[in-house]
Amino acid sequence: MQVWKFGGTSVGKPERMKSIRDLVTANSGRKIVVLSALSGTTNALLAMGESLMANKKEEAKKLIDDLYAHYSDFIQELFNTEEGLANGKAIIDKEFSFIRSLANLKIYTLKHDKQMVAQGEIMSTQLFTAYMKEQGESVVLLPALEFMSIDADNEPELIKIEEKLEGLLAGQTDKQILVTQGFICRNPRGEVDNLKRGGSDYTASLIGGAITAEEIQIWTDIDGMHNNDPRIVKRTFPVRELLFEEAAELAYFGAKILHPSTITPAKMRGVPVRLKNTMAPDAPGTVIKSEITGGAEIKAIAAKDNITAIYVHSTRMLNAYGFLRKVFDVFEKYKTPVDMITTSEVSVAVTIDNSENLDKITDELRTFADLEEHDRNQSIICIVGNFLADKSGIAIKILEAVKHIPIRMISYGASEHNISLLVDSAHKNDALEALNEGLFQFDK
Ligand code: ADP
Ligand code: ASP
Ligand code: MG
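Using this note's numbering, the letters of the sequence shown correspond one by one to residues 200 to 643.
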C-alpha cells in the first residue's frame, strides 16, 4: 500500500481536487490519501481564532461568512449531480454550524482554537470523499482523530498509532482509497490538537511508517526538493535523489516543502519518500531513500529564521570540566532544543529557535556563567551534501562564496551531511544567493 499526501494548493480549487481523483485512481493499488485543508483555509481559521481571542466577535463573524461563501462556490463547481451537491452542502452546513457555535462561546480558549483550526482538514477530506463517491469510486474516510495521537511532549505516540491504524484498516479491506486528514490529532487529554503548521506531511510519514508502506508520496506545487529556496533565490533546480539524512537536515533547517519532522518515521522503517508536483504529475520529482548512487557532493541549501544565539563564558578559568553539562542541563530543563553549538576553552555559543523560555534560561545560566548579550534575528544556513571526512576543499569553497558576509558561527564535522553557518537574518538572502552562485554549476 502507498500513502499519498496532497497539500493545500493541490486541493485548493475544485478542478485541482477533481484532478486528484484522476491521479489516485490512475493505477491500481490501494492507497491512503492524506489531505491538507484547502489553501488559505488554515490561515482563515487562525484569523477567526485571533479575533475571538481578542473578543472581536463581529470581525470573526465576517471572516466566517466570507469563508462560507468560498466553500459554497467551491462545492457548486466540484459536484456534478444534484445529489452530490446536496451532500456537499450538508457537509459544509454542518461544519460551519460547528464553527459558528465556537464563535458564539462566552469564553473562547486555546482548546476551542485547536478545534477551530482542525475544521480545514475535516472539511477538505469530507468533500473529497463525497466527490469520489459521486464518481462511483471505492472510497472510505478514516478519521485521523481515531488513530493519530501525541503525548504530553507533543511527540507522536508511534506504537498506539500503529495499533489503532491496523485495527481501522482491518475493517476496510474492500476499499481501494482510504482518505484521512493530515495535521490533526488528539492530545493526552483526548482533545483535538495538531502537528504544527505544515503538519500534513508529518501525518503522511507517520502513517507510512506505521504500515511500512511501499512508498510515501508528498504531492505539492513544485517539482520536488530544489537545491535552494525558490522563494528567495533566482536560479534553483530540482534535486532528483536525496538520502534520508540529507532530506532530514534540509527539512529541519527550513526547506518549507517538508514539515521539519517528516523524514524520521519514514527513515525508521526504510520507506522511500517521493516528492511530486500535482501541476506536472509526469515530472520525476525527488526521491528520498536510504541509499543512492552518485550525485553531487553539495546537494542543497536551506535556511531557518528566528534563531537566537546565546554566548556563555565559564566563570572558572581553564579546564572547566562539567561546564558543558551544566549549560545543557538548563536547556533540557526548559525543554528547549539547541541547534548549533561552537566551543572554545572557556566559552560556548549555542543557538535556539524556540525563545519562549529565553529569559528563564539566561537567568539560570547567569548563576554559574557570564553571558554576553544574546543575538536575536539570526538565521542558520545549512549546506547539505556528502562531505566525507577525508575529502578536502569543501569548507574553503563555502567560505569563499560568502566572504563578503559576516559569519557569526560555523558548525562543521558533526555529520557528513551538514555544514551550518549562522548569519544575521539581514544577510540571509544575500548569503543564499551567493552560495547558489558559488557552489552549483549552471549552464551559462
Ligand atoms: P503544501 O501546501 O503542498 O504543503 P508548501 O507550501 O508547504 O506546500 O510547500 C511547497 C513550497 O515550498 C514550494 O511552493 C516552495 O515555494 C517552498 N520551498 C521552500 N524551499 C524549497 C525547496 N528547497 N524546494 C522546493 N520547494 C521549496
Ligand atoms: N493545513 C495545515 C497548515 O496549513 C497543515 C498542512 O497544510 O500541512 O499548516
Ligand atoms: Mg506544506
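Built from N, CA and C at the ideal position, the CB exists for glycine as well.
task: Assign Gly287 to one of three DSSP states: helix, strand, or coil.
output: Position 88 of the sequence shown, counted from the start, is the residue given in the question as residue 287. Note: Gly287 maps to helix in three-state DSSP.
Rounded distance between the beta-carbons of Lys503 and Ala552, thought under 8 Å: Start at 1 with the first residue of the sequence shown, and residue 552 comes out as number 353. Start at 1 with the first residue of the sequence shown, and residue 503 comes out as number 304. Looking at the sequence itself, residue 552 is Asp, so the reference to Ala does not match. Between Lys503 and Asp552 the Cβ distance is about 6 Å, and since that is below 8 Å, they are a contact.
message: Here's the rule I'm using: 16 or more other beta-carbon atoms within 10 Å means buried, otherwise exposed. How should Pro536 be labelled?
response: Within the sequence shown, the letter at position 337 stands for residue 536. Exposed.
- prompt: Which stretch, first to last residue, makes up the beta strand (DSSP E) that contains Thr550?
  reply: Along the sequence shown, one-based indexing puts residue 550 at 351. Residues Ser546 to Ile551.
field: Continuous beta strand (DSSP E) assignments of at least 3 residues falling wholly in the stretch 447-498
entry: 472-476 and 485-488
- prompt: Between Val339 and Met331, is the Cβ-Cβ spacing less than 7 Å?
  reply: Numbered from 1 along the sequence shown, position 140 holds the residue referred to as residue 339. Numbered from 1 along the sequence shown, position 132 holds the residue referred to as residue 331. Contact flag unset, no.
message: Does the beta-carbon of Gly319, which I'm using as the reference point, lie nearer than 6 Å to any heavy atom of ligand 3?
response: The residue given as residue 319 occupies position 120 in the sequence shown. Outside the cutoff, so no.
field: Buried versus exposed call for Ile383 [16 or more other C-beta atoms within 10 Å across all chains shown]
entry: Against the sequence shown, residue 383 aligns to sequence position 184. That one is buried.
task: Check the C-beta distance from Gly381 over to Thr411 and give it rounded, since I have them as a contact under 8 Å.
output: As a first step, residue 381 must be located in the sequence shown, where it is residue number 182. As a first step, residue 411 must be located in the sequence shown, where it is residue number 212. Not confirmed; about 19 Å, so no contact.
field: Close-in-space but distant-in-sequence residues of the same chain around Gln416 (CB under 6 Å, 5 per side omitted)
entry: Position 217 of the sequence shown, counted from the start, is the residue given in the question as residue 416. Around Gln416: Trp203, Arg473 and Lys475.
message: Taking the alpha carbon of Gly206 as the reference point, which residue from Thr419, His458, Asp538 and Gly592 has its own alpha carbon closest?
response: Translated into the one-based positions of the sequence shown, residue 206 becomes position 7. Here the closest residue by C-alpha is Thr419.
- prompt: Buried or exposed: which applies to Arg388, given that a residue is buried once 16 or more other Cβ atoms fall within 10 Å of its Cβ?
  reply: Residue mapping note: residue 388 aligns to position 189 of the sequence shown, counting from 1. Burial call: exposed.
Near ligand 3: Gly407 beta-carbon under 6 Å from a heavy atom: Numbered from 1 along the sequence shown, position 208 holds the residue referred to as residue 407. Because no heavy atom of ligand 3 lies under 6 Å away, the Cβ of Gly407 does not count as near it: no.
task: Grab the span of the beta strand (DSSP E) containing Leu340 for me, first residue to last.
output: Position 141 of the sequence shown, counting from 1, holds the residue named residue 340. It spans Val338 to Leu340 - the beta strand (DSSP E) in which Leu340 sits, taken as one unbroken run.
- prompt: Rounded C-beta distance between Met200 and Glu413? I'm assuming under 8 Å.
  reply: As a working mapping, residue 200 is identified with position 1 in the sequence shown. As a working mapping, residue 413 is identified with position 214 in the sequence shown. Confirmed, Cβ separation roughly 6 Å.
task: With 7 Å as the threshold, decide whether the Cβ of Ser460 is near any Cβ in chain C.
output: Absence of chain C from the displayed structure is noted, only one protein chain being present.
message: Need the endpoints of the alpha helix (DSSP H) that Val210 sits in, please.
response: Taking the first residue of the sequence shown as position 1, residue 210 is located at position 11. Start and end: Gly207 to Val210.
task: Evaluate Gly398 with the Cβ neighbour count: other Cβ atoms within 10 Å of its Cβ, from every protein chain shown; 16 or more gives buried, anything less gives exposed.
output: Here the question's residue 398 lines up with position 199 in the sequence shown. So Gly398 ends up on the buried side.
message: I'd like to check one pair, Leu244 with Met347: are the Cβ atoms closer than 7 Å?
response: Here residue 347 is taken as the residue at index 148 of the sequence shown, counted from 1. Here residue 244 is taken as the residue at index 45 of the sequence shown, counted from 1. Against a cut-off of 7 Å, the Cβ pair of Leu244 and Met347 comes out as no contact.
- request: For the stretch 454-472 and the stretch 524-536, state whether three or more C-beta atom pairs, one from each stretch, are separated by less than 8 Å.
  value: no
- prompt: Taking 6 Å as the cut-off, does the CB of Phe382 come closer than this to any heavy atom belonging to ligand 2?
  reply: As a position in the sequence shown, residue 382 is number 183, starting the count at 1. Result yes, Cβ under 6 Å from ligand 2.
query: Residues near ligand 3, CB to any non-hydrogen atom under 6 Å, in chain order?
result: Gly206, Gly397 and Asp400
Assumed close pair Val526, Leu570 - CB separation to whole angstroms, cut-off 8 Å: Residue mapping note: residue 526 aligns to position 327 of the sequence shown, counting from 1. Residue mapping note: residue 570 aligns to position 371 of the sequence shown, counting from 1. Contact flag wrong, Cβ pair sits at about 11 Å.
- request: Give the range of the beta strand (DSSP E) segment to which Tyr533 is assigned.
  value: Here residue 533 refers to the residue found at position 334 of the sequence shown. That residue, Tyr533, is in no beta strand (DSSP E); it is neither H nor E in DSSP.
query: His425 bridges to which residues according to DSSP?
result: On the sequence shown, position 226 is the one that residue 425 refers to. Partner(s): Pro437.
- prompt: Does the stretch 310-326 come close enough to the stretch 279-294 to have 3 or more Cβ pairs within less than 8 Å?
  reply: yes
- request: Answer yes or no: the CB of Ala236 versus the heavy atoms of ligand 2, is any distance below 6 Å?
  value: Within the sequence shown, the letter at position 37 stands for residue 236. Checking the Cβ of Ala236 against ligand 2 gives yes.
Cα-Cα separation, Ile360 to Ser227: For the purposes of this step, residue 360 is taken as the residue at position 161 of the sequence shown. For the purposes of this step, residue 227 is taken as the residue at position 28 of the sequence shown. Roughly 26 Å between the two C-alpha positions.
- prompt: Among the residues of its own chain, which have a CB less than 8 Å from the CB of His616, if the five just before and after it don't count?
  reply: Sequence index remark: in the sequence shown, residue 616 carries index 417 (1-based). The residues are Leu442, Glu444, Glu445, Glu448, Val583, Gly584, Asn585 and Phe586.
message: Give me the DSSP bridge partner(s) of Leu234.
response: What you label residue 234 is simply residue 35 of the sequence shown in a count that begins at 1. Answer by DSSP bridge pairing, in chain order: Phe205 and Gln380.
Run of the beta strand (DSSP E) containing Thr419, from where it starts to where it stops: In the sequence shown, the residue the question calls residue 419 occupies position 220. Thr419 -> beta strand (DSSP E) spans Glu414 to Thr419.
message: Tell me the rounded alpha-carbon separation between Asn303 and Val547.
response: The residue you call residue 303 lines up with position 104 of the sequence shown. The residue you call residue 547 lines up with position 348 of the sequence shown. When rounded, the distance between both Cα atoms is 51 Å.
- request: On a CA-only basis, which of Thr241, Val378, His425 and Ser619 is nearest Pro483? Give me that one, please.
  value: Locating residue 483 in the sequence shown gives position 284, where the first residue counts as 1. Out of Thr241, Val378, His425 and Ser619, His425 has the C-alpha closest to the C-alpha of Pro483.
task: Just mark Asn393 as buried or exposed, buried being the case when its beta carbon has 16 or more other beta carbons within 10 Å.
output: Mapped onto the sequence shown, residue 393 falls at position 194. Buried is the call here.
Buried/exposed call for Asp428, threshold 16 Cβ in 10 Å: For the purposes of this step, residue 428 is identified with residue 229 of the sequence shown, where counting begins at 1. Under this definition Asp428 is a buried residue.
- request: Determine which residues share a DSSP beta bridge with Gly370 and list them.
  value: On the sequence shown, position 171 is the one that residue 370 refers to. The partner list for Gly370 (beta bridge, DSSP) is empty, contrary to what the question assumes.
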